[in-house]
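> Residue numbers (the numbering used here), protein chains in the order written: chain A, 1 to 308; chain B, 309 to 737.
Where is the CB? At the ideal position from N, CA and C, for every residue including glycine.
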Amino acid sequence: MTAAFTEDETQIEAAGKPGLTTRIGRTAAHLASYLQAVPLALILGFFFLLPILMIAVVSFWDYDFAGLYPDFLTMNYTDTLGSWVTWKTYLNTLKYTAMVWGLTLLIGFWVAYFLAFHIRTTTMQMVLFLVCTVPFLTSNIIRMISWIPVLGRNGLVNTTLIEMGIIPQPIEWLLYSDFAVVLAMVHLNTLFMVTPIFNTLMRIDRSLIEAARDAGANGWQILWNVIIPLAKPGIAIGSIFVVTLVMADFSTVQVMSGGQSASVALMMKNQMSLLQYPAAAANAVVLLIVVLLMVAAILRVVDIRKEL
Amino acid sequence: MTNDTKTPKGISRRGLLKTGAAATGAFVGSGLITGFPTIWAQNPITLRQFGTGVSNINAIAEKCKADLGITLEMTATDSDAAAQRAVTQPDSYDIADIEYWILKKVFPAGVIQPMDIKKLKYYDKIVPLFKTGKLKPDSVIAQGTAPHTVGYVEAIGDKTFAKDETQFFTMVPTIYNADTLGIRPDLVGRDITSWADIMDPAFKGKTSILNIPSIGIMDAAMIMEAMGNIKYADKGNMTKEEIDATIDFLIKAKQDGQFRAFWKSFDESVNLMASGEVVIQSMWSPAVAAVRSKGIACKYQPLKEGYRSWGGGLGLAAHLEGAQLDAAYEYINWYTSGWVGGYLNRQGYYSAAMDTAKEFMTADEWGYWIEGKAATGDIMSPEGKIMEKAGAVRDGGSFEERMGKVACWNSVMDEDRYMVKRWNEFIAA
Numbered sequence: 001m002t003a004a005f006t007e008d009e010t011q012i013e014a015a016g017k018p019g020l021t022t023r024i025g026r027t028a029a030h031l032a033s034y035l036q037a038v039p040l041a042l043i044l045g046f047f048f049l050l051p052i053l054m055i056a057v058v059s060f061w062d063y064d065f066a067g068l069y070p071d072f073l074t075m076n077y078t079d080t081l082g083s084w085v086t087w088k089t090y091l092n093t094l095k096y097t098a099m100v101w102g103l104t105l106l107i108g109f110w111v112a113y114f115l116a117f118h119i120r121t122t123t124m125q126m127v128l129f130l131v132c133t134v135p136f137l138t139s140n141i142i143r144m145i146s147w148i149p150v151l152g153r154n155g156l157v158n159t160t161l162i163e164m165g166i167i168p169q170p171i172e173w174l175l176y177s178d179f180a181v182v183l184a185m186v187h188l189n190t191l192f193m194v195t196p197i198f199n200t201l202m203r204i205d206r207s208l209i210e211a212a213r214d215a216g217a218n219g220w221q222i223l224w225n226v227i228i229p230l231a232k233p234g235i236a237i238g239s240i241f242v243v244t245l246v247m248a249d250f251s252t253v254q255v256m257s258g259g260q261s262a263s264v265a266l267m268m269k270n271q272m273s274l275l276q277y278p279a280a281a282a283n284a285v286v287l288l289i290v291v292l293l294m295v296a297a298i299l300r301v302v303d304i305r306k307e308l
Numbered sequence: 309m310t311n312d313t314k315t316p317k318g319i320s321r322r323g324l325l326k327t328g329a330a331a332t333g334a335f336v337g338s339g340l341i342t343g344f345p346t347i348w349a350q351n352p353i354t355l356r357q358f359g360t361g362v363s364n365i366n367a368i369a370e371k372c373k374a375d376l377g378i379t380l381e382m383t384a385t386d387s388d389a390a391a392q393r394a395v396t397q398p399d400s401y402d403i404a405d406i407e408y409w410i411l412k413k414v415f416p417a418g419v420i421q422p423m424d425i426k427k428l429k430y431y432d433k434i435v436p437l438f439k440t441g442k443l444k445p446d447s448v449i450a451q452g453t454a455p456h457t458v459g460y461v462e463a464i465g466d467k468t469f470a471k472d473e474t475q476f477f478t479m480v481p482t483i484y485n486a487d488t489l490g491i492r493p494d495l496v497g498r499d500i501t502s503w504a505d506i507m508d509p510a511f512k513g514k515t516s517i518l519n520i521p522s523i524g525i526m527d528a529a530m531i532m533e534a535m536g537n538i539k540y541a542d543k544g545n546m547t548k549e550e551i552d553a554t555i556d557f558l559i560k561a562k563q564d565g566q567f568r569a570f571w572k573s574f575d576e577s578v579n580l581m582a583s584g585e586v587v588i589q590s591m592w593s594p595a596v597a598a599v600r601s602k603g604i605a606c607k608y609q610p611l612k613e614g615y616r617s618w619g620g621g622l623g624l625a626a627h628l629e630g631a632q633l634d635a636a637y638e639y640i641n642w643y644t645s646g647w648v649g650g651y652l653n654r655q656g657y658y659s660a661a662m663d664t665a666k667e668f669m670t671a672d673e674w675g676y677w678i679e680g681k682a683a684t685g686d687i688m689s690p691e692g693k694i695m696e697k698a699g700a701v702r703d704g705g706s707f708e709e710r711m712g713k714v715a716c717w718n719s720v721m722d723e724d725r726y727m728v729k730r731w732n733e734f735i736a737a
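1. Is Thr453/B helix, strand or coil when you go by DSSP?
2. Ends of the beta strand (DSSP E) at Pro481/B?
3. Between which two residues does the alpha helix (DSSP H) harbouring Lys269/A extend?
4. Which residues, in order along the stretch 262–280 of chain A, keep a beta-carbon less than 9 angstroms from a beta-carbon of chain B?
5. Which value, in whole angstroms, describes the spacing of the CA atoms of Ile588/B and Asp499/B?
6. Show which residues of chain A have a CB atom less than 8 angstroms away from the CB atom of Phe415/B.
7. Name the one or two DSSP bridge partners that Gly623/B has.
8. I want to know whether the stretch 285–299 of chain A touches the stretch 240–248 of chain A - three or more CB-CB distances under 8 angstroms.
9. Does any CB atom of chain A fall closer than 8 angstroms to the CB of Ile500/B?
10. Taking the C-alpha atoms as reference points, what is the distance between Val308/B and Glu576/B?
11. Roughly how far, in whole angstroms, is the beta-carbon of Ser706/B from the beta-carbon of Asn545/B, given that I think they are within contact range, below 8 angstroms?
12. Output the distance between the C-alpha atoms of Trp731/B and Pro39/A, rounded to the nearest integer angstrom.
13. In chain A, which residues lie less than 8 angstroms from Arg616/B when you measure between Cβ atoms?
14. By how many angstroms is the C-alpha of Phe114/A removed from the C-alpha of Leu201/A?
15. Taking the alpha carbon of Thr383/B as the point to measure from, which residue in Lys371/B, Ala404/B, Tyr460/B, Asn537/B has its own alpha carbon closest?
16. So, Gly623/B versus Met479/B, is the Cβ gap smaller than 8 angstroms?
17. Below 8 angstroms on the Cβ atoms is my guess for Thr656/B versus Pro594/B; work out the distance and round it to an integer in Å.
18. Output, in sequence order along the chain, the residues in the stretch 713–737 of chain B whose CB is closer than 7 angstroms to any CB in chain A.
19. Is there a C-beta anywhere in chain B that falls below 8 angstroms from the one on Thr89/A?
20. Which of helix, strand or coil does DSSP assign to Met669/B?
21. Determine which residues of the stretch 48–64 of chain A have a Cβ less than 7 angstroms from any Cβ of chain B, and write them out in chain order.
22. Identify the continuous beta strand (DSSP E) that holds Tyr77/A and give its terminal residues.
23. What is the DSSP secondary structure of Lys607/B, reduced to helix, strand or coil?
24. Quick check on Met721/B: does DSSP put it in helix, strand or coil?
25. Where does Gly108/A land, buried or exposed, given buried means 16+ other C-beta within 10 angstroms?
26. Once you ignore the five residues that flank Pro149/A on each side, which residues in its own chain have a CB closer than 6 angstroms to its CB?
27. Less than 8 angstroms between the beta carbons of Thr244/A and Val291/A, yes or no?
28. Can you tell which of Gln451/B, Met727/B, Lys442/B, Thr354/B has the C-alpha that lies nearest to the C-alpha of Lys548/B?
29. Report yes or no: is there a C-beta of chain A within less than 8 angstroms of the C-beta of Trp571/B?
30. Just curious, the beta strand (DSSP E) that Gly359/B is in, first and last residue?
31. For Tyr484/B, count neighbouring C-beta atoms within 10 Å of its own C-beta (all shown protein chains included) and say buried if the count is 16 or more, exposed if not.
32. Who does Trp101/A pair with in a DSSP beta bridge?
33. If you run the structure through DSSP and keep just helix, strand and coil, what is Ile687/B?
34. Between Ala597/B and Met695/B, which are expected to be in contact by the criterion C-beta below 8 angstroms, what is the C-beta distance as a whole number of angstroms?
35. In terms of residues, what are the limits of the beta strand (DSSP E) holding Gln589/B?
36. From Phe344/B to Met185/A, what distance separates their C-alpha atoms?
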């Protein structure tokens, strides 16, 4: 492009040929589109590409407690990929991701469906949608921590159940367990599923549903053959949100499992708190690749651009 | 008494102001002081202190400013960051407030200059624990990075530590304590006497240890040895085999469901205990006080195997010289002169210069915190909150009883990296 551009200019300088104004106009248009792209390119370059590039570079460095030493070692990768801890941690994180994805999809779709098809007035729809977002007015740390007094050994659930005589002893697995982690994650992330699905459901042409009904489809058939296929882009976008958020989570796992479970990001956080930045960087690169593959897989199943 | 100690300080402060004023020009030139050099103001000297321990206490900086006219800029970090900063940014601080095991890591880098004990006014008052490793002549020297083993060098410029007391002190000890297990006396239902009790099947799912590898491994070592599983040559410097044995044991206990949670921060440990999620766990002394302040019974239980102890001190940055070095000595002499000691003692820590601290405590406070006597009146925290009601006795008793029974000091192992790697396996298991 640059070559063509300079060629244009030399021609302009060389002669006062006819069609000069059109040439200048074309050049200006070229220039304008580049200029328009500059701010975004700069922002993405400085705040996104450069940091990722640095992480990738640092992941090959050597380190000790006192500092980082520029080098080209694959040690950080062989250490990370060669340890059963990494594999087990990835498996654990993927397990959380799968469970949370399944649950948020189920709940999110159900809520969005209810809002889109069972609430008649637009005002009421918006009111109820805003109600869904109310918990998000507090920080997610607070939303997460507030589960602790509910689920604890002497927490709300256990004391209520004991006083009602339903259980003789407190249920131990309510808190500091996988159950607690998944519960908190579902609570934190369901709205990210609700919003895009609600959005796509609202765009569905109601006459399609009527047509399906006229053609003799029952409720399930309409849901399965009409609504869900049309909601796919929303489901895909919600899934990308949920999957990336859960894969990168460390605070929920740390707090809700009482430090008993590991996640990939938690492993990185531990390494960083011990100042093992290159090891954490190698881990980050691996995680980035895994998450990108997952997102690519989602996009392969659903073409968001085409179906939006 | 108070007058006696204050008079010489006043004189040397005037001396300091003179040298300070003379040196100000040089400082401006070297860019050490920014803004206008207010030579005639009371405050020509700023000391930048960073670290883990007393750097967290603002009251000390305020009092220092009032007494000495020295502005203390304090930065608190966690211990790993402190070790890194001490080595990599030696010009970013004047005073390093670090623990002894961190000193062992960073001193060989030449970033801390030893102090001449002749310039330390209260050197004689510092308890022998930091000079010989023995609180009393008949005490047994504890394992781990005992402060006296990294307390001295033979000459200025040495990178290795001296075996015995010399003229050159690497750090002035400031704050230290003896750690043990905290229990909920109302919930454990029996006497707790040993570190091994945390592994009692009766407490299955109701125990916790801390998830800070370098300290957690020591608590685990105390437990292992108390159970008779292993006898360490030095708990503070385990071999790979000893680390493996300890971690394998922890993994098994975790998989059997012995632990309810692992805590990383002070408030987590408080919440675990206060909510009754755990009844026995590793704990720090102020956390026990925090649980008690909620009106919940919590005891810092002395155990027959002894305490795991930690200690920190103030070291001088290698780049200090001239008036700033004098100011640093002045600060350290002020530090050991009693007011700070009394403050720390009243927080439940210990001061290194006990005799001077005594002057700044009431007889009742001294009796409760240091002598292990029953309090005759309410015991207040330095911030003015009631910590204990009249009649209370400190857990573990007197200073000598507690610090005399140290089994092991916090330490850094030669196999540190391997230990951290295995510890991460334990958490992931």
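With the given structure in hand:
1. coil
2. 480–491
3. 264–273
4. Ala262, Leu266, Met267, Asn270, Gln271, Ser273, Leu274, Leu275, Gln276
5. 12 angstroms
6. Within chain A, no residue comes near Phe415/B; the closest Cβ sits about 12 angstroms away, beyond 8 angstroms.
7. Ala404/B
8. yes
9. no
10. Residue 308/B is absent from the structure shown; chain B starts at 309 and stops at 737.
11. Rounded, the Cβ-Cβ distance is 30 angstroms, inconsistent with contact.
12. 46 angstroms
13. The premise fails here: Arg616/B is roughly 20 angstroms from chain A at the closest Cβ pair, so nothing lies under 8 angstroms.
14. 10 angstroms
15. Ala404/B
16. yes
17. In the sequence on display, residue 656/B carries Gly and not Thr. Indeed they touch by this definition, with Cβ atoms about 6 angstroms apart.
18. Val728, Asn732, Glu733, Ile735, Ala736
19. yes
20. coil
21. none
22. Note, Tyr77/A: premise wrong, no beta strand (DSSP E); alpha helix (DSSP H) at 75–81.
23. strand
24. coil
25. buried
26. Gly155
27. yes
28. Met727/B
29. yes
30. 354–359
31. buried
32. Answer by DSSP bridge pairing: none, since Trp101/A is not bridged.
33. strand
34. 6 angstroms
35. 588–591
36. Residue confidence is low: Phe344/B scores 40 on pLDDT, short of 50, so the model does not pin down where it sits. No coordinate-derived value is stated.
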